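Under my numbering, the sequence shown is numbered contiguously, ending at residue 1317. The next block holds one structure in the form of structure tokens; read it before the comments.
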Amino acid sequence: MSTSRRVTLFDIADALGISTGTVHRALHDHPGVNAMTRMRVLQVSKNMGYRPNVAARLLSQKKQVRISVNTLKGTTSFWDEVRGGIQEEAEALGTHGADIEFRTFPSLGEGEEEAFEAAVAAKSDGVILFPSRPGSVRTWMRRASRSRIPIVCVSTDAPHSNRLAVVSVDTMASGALAADLMGRFLNHRGKVAVTLSALAITEHAEKLSAFEKTLRTLHPEISLLDPIEDHDVESEAYDKCRKLFAAHPDLAGIYVTTEASMPVIQAARDAHLLDRLNVIATDLFPALIEQIRAGKVSATIHQRPYMQGRLAFRILQEYLIHGRYPASPVTLAPHLVMAGNLDFFLEKQASDGSSVRAAASDLPSDLTYNNYD
């Protein structure tokens, strides 16, 4: 953790030979500063590593910290676990006076911009966001950044958006792990497919890229079909997989990169392929647990949604209250769950969940901050 002195308005003013009032007006886009001076102030403040003292601003305004959580409604428990982790972390940290407003949108891209607009209109002090359409919300995110509203992306990233941080599972590791497992399950040969929500979503594009690269490197005799995009719509996933199985009755394996594994499994069952198809799923929920126990799903890659939620809130809270921000994106190692370790994994999850309030500091050891206090 950095021990260097915090850069202040006085430092910037001294470096430029102007008043602190001018620096303040330039940084906050207030009138009374010409364009050239504003440009110089912004450039020097960036070069000196200046960060606004958000905590002081909140204290001076004596206002309640308002955090908006904008996430997908979801078809399984994944997003419920993310939201649960956020709520639990807030309670475990004893963050009194934090007003958390949960805003959900029904499907990818539908209502996402409206939820973001509502968060800004509500004068949120910070936003935790799942950017399902990074391109469409990037303008909103940049606007929020200019208004000094920090944004933490959860589950996937929105590159070039001025977000404060991103918390996600290691998507490249997830895709590579799935590919290596699939190759071993199939004895290094066969035809496989991948389903995902949309290639426009960073995490899914990265999973597919890693899966494809690992197959080429470790299992070159395995043939990979074009990816199937289901847009997190269960009926679409089912219909497209029925067509896939009809066109490729010799399909040997399928990697489901999203939470929408049940419609894929049902399609395989209805096509009479499930008993011989190797299925690698994502995450864990009651219906999927039954399929693992029954031997219908070979493995699932758990993305640790509960911990993603906890970390996203912790990072935003640390920034708002203490002015700290993560030194780099926070990525969590995926957890592999198979029939052999399923019960142990479920017991561990239950144990971890029950101890959250008693121990709020059990965060990954590699979570570090740059401290400008």
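We treat Cβ as the ideally placed atom computed from N, Cα and C, and that holds for glycine. Keep in mind that this is a model prediction, so the values were computed, not measured.
Cβ-Cβ distance between residue i and residue j below 8 Å
| i | j | result |
| --- | --- | --- |
| A1066 | G1119 | no |
| V977 | A959 | no |
| R1090 | C1097 | no |
| L953 | V967 | yes |
| G1070 | I1044 | no |
| L1228 | H1216 | no |
| V1208 | T1244 | no |
| F1060 | L1016 | no |
| K1135 | A1196 | yes |
| A1117 | T1158 | no |
| L1168 | E1156 | yes |
| L1130 | I1166 | yes |
| A1149 | C1185 | no |
| A1109 | P1273 | yes |
| I1198 | L1162 | no |
| N1014 | R1047 | yes |
Cut-off 7 Å between Cβ atoms - residues of its own chain near residue i, not counting five sequence neighbours on either side
| i | result |
| --- | --- |
| S1205 | A1225, T1226, L1232 |
| E1147 | S1099, T1100, S1112, T1115 |
| A1102 | P1075, P1078, V1081, R1082, M1085 |
| D1306 | Low confidence applies here, because D1306 scores a pLDDT of 48, under 50, leaving its location unreliable; read the following figure in that light. Excluding residues within five positions, none has a Cβ falling inside 7 Å. |
| K1006 | Confidence at K1006 is low in this model, with a pLDDT of 49, below 50, so the placement of that residue should be treated as unreliable; the coordinate-derived value is given next. Closer than 7 Å at Cβ, skipping near neighbours: no residue. |
| A1042 | V1009, I1011, A1034 |
| E1057 | S1080, V1081, W1084 |
| I956 | V967, V985, V988, S989, M992, Y994 |
| G1055 | F1049 |
| T964 | L953, F954, A957 |
| V1300 | A caution first: V1300 carries a pLDDT of 47, below 50, which makes its placement in the model unreliable, though a value can still be read off. E1032, A1036, listed in sequence order. |
| D1194 | K1135 |
Element boundaries [alpha helix (DSSP H), containing residue i]
| i | result |
| --- | --- |
| D1183 | 1178 to 1191 |
| L1125 | 1115 to 1129 |
| S1153 | 1146 to 1162 |
| R1077 | No alpha helix (DSSP H) holds R1077; DSSP gives it neither H nor E. |
| V1026 | 1022 to 1036 |
| L1108 | Per DSSP, L1108 belongs to no alpha helix (DSSP H) and is neither H nor E. |
| L1232 | 1230 to 1237 |
| R982 | 979 to 991 |
| D1214 | 1206 to 1214 |
Bridge partners - residue i, DSSP secondary structure assignment
| i | result |
| --- | --- |
| D1043 | R1010 |
| N1222 | G1197 |
| G1070 | I1011 |
| H1246 | H1279 |
| I1172 | T1139 |
| S1051 | E1054 |
| V1274 | V1111 |
| L1016 | F1049 |
Chain C contact for residue i (CB, 8 Å cutoff)
| i | result |
| --- | --- |
| A1059 | Protein chains in the displayed structure number just one, and chain C is not present. |
Whole-angstrom C-beta distance between residue j and residue i, which should lie under 8 Å
| i | j | result |
| --- | --- | --- |
| V1318 | S1051 | Residue 1318 is absent from the structure shown; the chain starts at 945 and stops at 1317. |
| V951 | G993 | 6 Å |
| V1138 | L1125 | Actually they do not touch by this definition, with Cβ atoms about 13 Å apart. |
| I1072 | F1288 | Not confirmed; about 31 Å, so no contact. |
| A1088 | V1064 | 6 Å |
| A1142 | E1173 | 5 Å |
| R1248 | H1279 | 6 Å |
Same chain, Cβ closer than 6 Å to residue i, five either side skipped, listed in chain order
| i | result |
| --- | --- |
| R1254 | G1029, E1033 |
| I962 | none |
| S1105 | R1082, M1085 |
| K1240 | L1218 |
Start and end residues, beta strand (DSSP E) containing residue i
| i | result |
| --- | --- |
| K1135 | 1134 to 1140 |
| L1280 | 1279 to 1281 |
| R1268 | 1268 to 1270 |
| S1167 | 1166 to 1168 |
| I962 | From DSSP, I962 is part of no beta strand (DSSP E); its letter is neither H nor E. |
| V1096 | 1095 to 1098 |
Beta-carbon contacts of residue i that lie in its chain and below 8 Å, excluding the five residues immediately before and after
| i | result |
| --- | --- |
| Q1252 | V1026, G1029, V1098, S1099, V1111, S1112, V1113, L1276 |
| L1286 | I1233, I1236, R1237 |
| P975 | R969 |
| P1202 | First, the residue type needs correcting, since residue 1202 is Thr and not Pro in the sequence shown. Excluding sequence neighbours, T1202 sits near T1139, L1140, S1141, H1148, D1174, D1176, T1226. |
| D1024 | G1018 |
| S1068 | R1010, I1011, S1012, E1045, I1093 |
| G1284 | none |
Near the ligand ZN: residue i beta-carbon under 7 Å from a heavy atom
| i | result |
| --- | --- |
| L1264 | This structure simply doesn't include the ligand ZN, nor any ligand for that matter. |
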